[in-house]
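Student: The structure follows.
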Ligand code: SF4
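Shown next as structure tokens:
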């Protein structure tokens, strides 16, 4: 059985190599499959790609498919191990979040999620009756003492050496113990077939992006572990227009803002702004830090449900 | 027919957009605010610190001043803050707009200090072609030089970094360049950490000396990647040096998987859990097997008695 799966994935691997050979370095993450078909249809949103023989072609954006060129076994292995010597942390500055929700869009694009499925969600918060409301993006906290990995009966969810908590869809049996264990409600269950199954069906499962998603398994924020491998900031961090997110390596004591690309000392940032973590009393030791929503850069525009107030 | 509808629709859209653009640029700046004057002089230092603040806070939407590469936001694209059309207004007016914001432009009333805001205005004014009187006040005039050279001298014991900037004059002498701002940066995973402080301008000998933060981690041996460059490329083009030096604090990265923990996977579970689980299983099954065994033995025992 095992043999068969890995053979299968090797075949897939060869196939995807063949497909992506057409696209040049910049677009190596995507394949050109179906580009010709798109030309016949009405023009939609297109992107310019450079082929290897130096020709510029226009390709319909919908026709681009992500490809992964490593075989499944390799992806699983390095995904379990993590990146040596790193210790990733995120800092979220609540004084700057104005509910632009660009982080959520980017995340859903990256991880094959429907608009109603969240790895990261911007919540409207109000701590007490007379306190000021604020917006709070909430990803997985990637705890150093994660309750979710303790309860998994099949070792499907685990913590890696760089601090990231991941899920292996190939092992997950969908028991949902981990959803019950997580105090931050960071996990979602794929009740139905995931979004665009056709588009992703030939893709080798990448444990670091949890793509393709699988019905009957768990998914959650992964700190864009596949992007970190290429020294890129997570999708949400780099897509925020308001400078809310900082991300970096705690071992280096530095975090970089995804919007301004300013790099600052992690310890100073937390110390000077009274950074805190969510529900510290549970002893979960989150890796996501929050800076309080004081001195806000904008006025709170109130009710989320009121479309007019959305910015 | 279809085309006519399309044309009419797009004309209508165009009309709506122009109308909203006109509306979007409507700022109500009170007269009292307009009279405010920039209390800071247009010195090179102020301009360059204004540029830093601009690059961090304004550039992401407005693009580079004077380059027209702002974000194409709808319905109103941000203005090019280095353009004459923008700089025609007074300092007070710009100050007011930075403070209050409007639409997609956030307020910076609380997020930037007064001084920072004026620095940004000073920087923007340096693009103003009409304001001759606020021309840069050059504190030092360096001679025309070629072959600009940046030399690093790192003292690992005292954790001091000394950078020297010099150039060759037309006569062929190598002279120190004074009053030039340097950026001293340390490479981190996703960007460069600036450690130059507020006053990294070369002195009359062309030197800048800074103290490396004692608690800034390097790798296991304390190695860090340093990058020193002339902050403003406008002077001598890109002048920079990078160097790997063991000036950082040696840091052993902690691997959380080194330790057995409750949250670990099977292979990483604490010994006592493995022992008590296995022990539990063995003793329960042991009891069951013992009972079964004795049940089997019963007839034999009965026979023996007889
Ligand atoms: S749902 Fe999947 S990941 Fe979660 S505890 Fe069950 S098997 Fe593990």
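Residue numbers (UniProt numbering), protein chains in the order written: chain X, 1 to 311; chain A, 1 to 306. Even glycine gets a Cβ: it sits at the ideal position worked out from N, Cα and C.
1. Helix, strand or coil, according to DSSP, for residue 135 of chain A in the structure here?
2. For residue 235 of chain X and residue 106 of chain X, which I take to be in contact (beta-carbon distance under 8 Å), what is that distance rounded to the nearest angstrom?
3. Are residue 250 of chain A and residue 280 of chain A closer than 8 Å when you measure CB to CB?
4. I'd like to confirm something about residue 156 of chain X: is its beta-carbon nearer than 7 Å to some heavy atom of the ligand SF4, or not?
5. Less than 8 Å between CB atoms is the rule here; does residue 87 of chain X satisfy it with respect to chain A?
6. Please confirm whether residue 251 of chain A has its beta-carbon closer than 8 Å to some beta-carbon of chain X.
7. For a contact meaning CB atoms closer than 8 Å, what does residue 119 of chain A contact in chain X?
8. Just to make sure I have the definition right: I need the residues of chain A whose C-beta is within less than 9 Å of the C-beta of residue 275 of chain X. Which are they?
9. Quickly, what does DSSP pair residue 245 of chain X with across the bridge? List them, please.
10. For residue 207 of chain A, which three-state DSSP category applies?
11. Measuring alpha carbon to alpha carbon, tell me which of A/151, A/39 and A/156 ends up nearest residue 214 of chain A.
12. For residue 189 of chain X, name the three-state secondary structure that DSSP assigns.
13. Under 8 Å between the Cβ atoms of residue 122 of chain X and residue 143 of chain X?
14. Please confirm if the stretch 215–230 of chain X is in contact with the stretch 106–118 of chain X, defined as three or more CB-CB distances below 8 Å between the two stretches.
15. Which full runs of the alpha helix (DSSP H) of 4+ residues lie inside the stretch 61–120 of chain A, going along the chain?
16. At least one CB of chain A closer than 8 Å to the CB of residue 190 of chain X: is that the case?
17. Determine the chain A residues that contact residue 131 of chain X at a beta-carbon separation under 7 Å, and present them in chain order.
18. I'd like to know whether the C-beta atoms of residue 145 of chain A and residue 175 of chain A end up nearer to each other than 8 Å.
19. Step through the CB atoms of chain X and report whether any lies within less than 8 Å of the CB of residue 60 of chain A.
20. Strictly by DSSP, which residues pair up with residue 79 of chain X?
21. Along chain X, which residues have their Cβ under 7 Å away from the Cβ of residue 257 of chain A?
22. Determine the direct distance from the alpha carbon of residue 199 of chain X to that of residue 43 of chain X, and round the result to whole angstroms.
23. Spell out a yes or no on whether the stretch 263–279 of chain X and the stretch 191–205 of chain A are touching, meaning 3 or more CB-CB pairs, one atom from each, closer than 8 Å.
24. Run through DSSP, which three-state label would residue 142 of chain A get?
25. For the ligand SF4, I want to know if residue 265 of chain A counts as a neighbour, meaning its beta carbon is within less than 7 Å of at least one of the ligand's heavy atoms.
26. Does any residue of chain X bring its CB to less than 8 Å from the CB of residue 192 of chain A?
27. What is the residue span of the beta strand (DSSP E) that residue 245 of chain A lies within?
28. For the alpha helix (DSSP H) holding residue 233 of chain A, just list the boundary residues, first then last.
29. Could you check if residue 29 of chain A belongs to the surroundings of the ligand MG, using beta carbon to heavy atom distance under 7 Å?
30. Output, in chain order, the set of chain A residues within a Cβ distance shorter than 8 Å of residue 263 of chain X.
31. Can you tell me whether residue 118 of chain X is helix, strand or coil according to DSSP?
32. Examine chain A for any beta-carbon lying closer than 8 Å to the beta-carbon of residue 166 of chain X, and answer yes or no.
33. Cβ closer than 9 Å: which chain A residues qualify as neighbours of residue 115 of chain X?
34. Judging by CA-CA distance, which residue of X/141, X/73, X/193 and X/90 is the nearest neighbour of residue 248 of chain X?
35. Check whether the Cβ of residue 128 of chain X lies closer than 8 Å to any Cβ atom in chain A.
36. Let's see if you can read the secondary structure: which residues bound the alpha helix (DSSP H) around residue 277 of chain A?
Tutor: The answer reads as follows:
1. One-based indexing of the second chain puts residue 135 of chain A at position 135. Confidence at residue 135 of chain A is low in this model, with a pLDDT of 48, below 50, so its placement is unreliable and the value that follows should be read with caution. DSSP places residue 135 of chain A in coil when its eight states are reduced to three.
2. Locating residue 235 of chain X in the first chain gives position 235, where the first residue counts as 1. Locating residue 106 of chain X in the first chain gives position 106, where the first residue counts as 1. Indeed they touch by this definition, with Cβ atoms about 4 Å apart.
3. Walking along the second chain from the start, residue 250 of chain A turns up at place 250. Walking along the second chain from the start, residue 280 of chain A turns up at place 280. Result no, Cβ atoms of residue 250 of chain A and residue 280 of chain A do not sit closer than 8 Å.
4. Locating residue 156 of chain X in the first chain gives position 156, counting from the first residue. Yes, Cβ of residue 156 of chain X sits closer than 7 Å to a heavy atom of the ligand SF4.
5. The count along the first chain starts at 1 and reaches residue 87 of chain X at position 87. For residue 87 of chain X, the answer is yes, since a Cβ of chain A falls inside 8 Å of its Cβ.
6. By 1-based counting over the second chain, the position of residue 251 of chain A is 251. So yes, residue 251 of chain A belongs to the interface.
7. Here residue 119 of chain A corresponds to residue number 119 of the second chain, with the count starting at 1. Going along chain X, no residue has its Cβ under 8 Å from residue 119 of chain A, so there is no contact; the nearest lies around 16 Å.
8. Translated into positions along the first chain, residue 275 of chain X becomes position 275. The contacting residues do not exist; residue 275 of chain X stays about 17 Å from chain A at best.
9. Taking the first residue of the first chain as position 1, residue 245 of chain X is located at position 245. Per DSSP, X/92.
10. Taking the first residue of the second chain as 1, we reach residue 207 of chain A at position 207. Three-state result, residue 207 of chain A: strand.
11. The sequence position of residue 214 of chain A within the second chain is 214, counting from 1. Looking from the CA of residue 214 of chain A, the closest CA among A/151, A/39 and A/156 belongs to A/156.
12. For the purposes of this step, residue 189 of chain X is taken as the residue at position 189 of the first chain. Here residue 189 of chain X sits in strand by DSSP.
13. Translated into the one-based positions of the first chain, residue 122 of chain X becomes position 122. Translated into the one-based positions of the first chain, residue 143 of chain X becomes position 143. Their beta carbons are not under 8 Å apart, which means residue 122 of chain X does not touch residue 143 of chain X by this criterion.
14. Yes, the stretch 215–230 of chain X touches the stretch 106–118 of chain X.
15. 84–87 and 91–100
16. One-based indexing of the first chain puts residue 190 of chain X at position 190. Cβ-Cβ to chain A under 8 Å: no for residue 190 of chain X.
17. Translated into the one-based positions of the first chain, residue 131 of chain X becomes position 131. Those within 7 Å of residue 131 of chain X in chain A number zero; the least Cβ separation is about 18 Å.
18. If you number the second chain from 1, residue 145 of chain A lands on position 145. If you number the second chain from 1, residue 175 of chain A lands on position 175. Closer than 8 Å, so yes.
19. For the purposes of this step, residue 60 of chain A is taken as residue 60 along the second chain, with counting starting at 1. Chain X contact via Cβ: present.
20. In the first chain, the residue the question calls residue 79 of chain X occupies position 79. Under DSSP, no beta-bridge partner is assigned to residue 79 of chain X.
21. On the second chain, position 257 is the one that residue 257 of chain A refers to. Residues of chain X passing the Cβ test: 161.
22. As a first step, residue 43 of chain X must be located in the first chain, where it is residue number 43. As a first step, residue 199 of chain X must be located in the first chain, where it is residue number 199. Caution applies to residue 43 of chain X, whose pLDDT of 49 falls short of 50 and renders its modelled position unreliable; the value that the coordinates give is listed next. One C-alpha to the other measures close to 19 Å.
23. yes
24. Counting from 1 along the second chain, the entry for residue 142 of chain A is found at position 142. DSSP, read as helix, strand or coil, puts residue 142 of chain A in coil.
25. Along the second chain, read from residue 1 onward, the residue named residue 265 of chain A stands at position 265. No, the ligand SF4 has no heavy atom inside 7 Å of this Cβ.
26. The residue you call residue 192 of chain A lines up with position 192 of the second chain. So, interface residue.
27. Taking the first residue of the second chain as 1, we reach residue 245 of chain A at position 245. That run of the beta strand (DSSP E) goes 240–245.
28. Within the second chain, residue 233 of chain A is the residue found at index 233, counting from 1. For residue 233 of chain A, the uninterrupted alpha helix (DSSP H) segment begins and ends at 233–236.
29. In the structure shown, the ligand MG is absent; the only ligands present are the ligand SF4.
30. Position 263 of the first chain holds residue 263 of chain X. Per Cβ cutoff of 8 Å: 188, 190, 191, 192, 193 and 194.
31. Counting from 1 along the first chain, the entry for residue 118 of chain X is found at position 118. Three-state result, residue 118 of chain X: coil.
32. Along the first chain, one-based indexing puts residue 166 of chain X at 166. No, residue 166 of chain X does not count as interfacial toward chain A.
33. As a first step, residue 115 of chain X is located in the first chain; it is residue number 115 there, counting from the start. Simply none; closest approach about 21 Å.
34. Within the first chain, residue 248 of chain X is the residue found at index 248, counting from 1. Closest option to residue 248 of chain X, Cα to Cα, is X/90.
35. For this step, residue 128 of chain X is matched to residue 128 along the first chain. Taking Cβ atoms only, chain A never reaches closer than 8 Å to residue 128 of chain X, which makes this a no.
36. Residue numbering aside, residue 277 of chain A sits at position 277 when the second chain is read from its first letter. Run containing residue 277 of chain A: 271–305, per the alpha helix (DSSP H) assignment.
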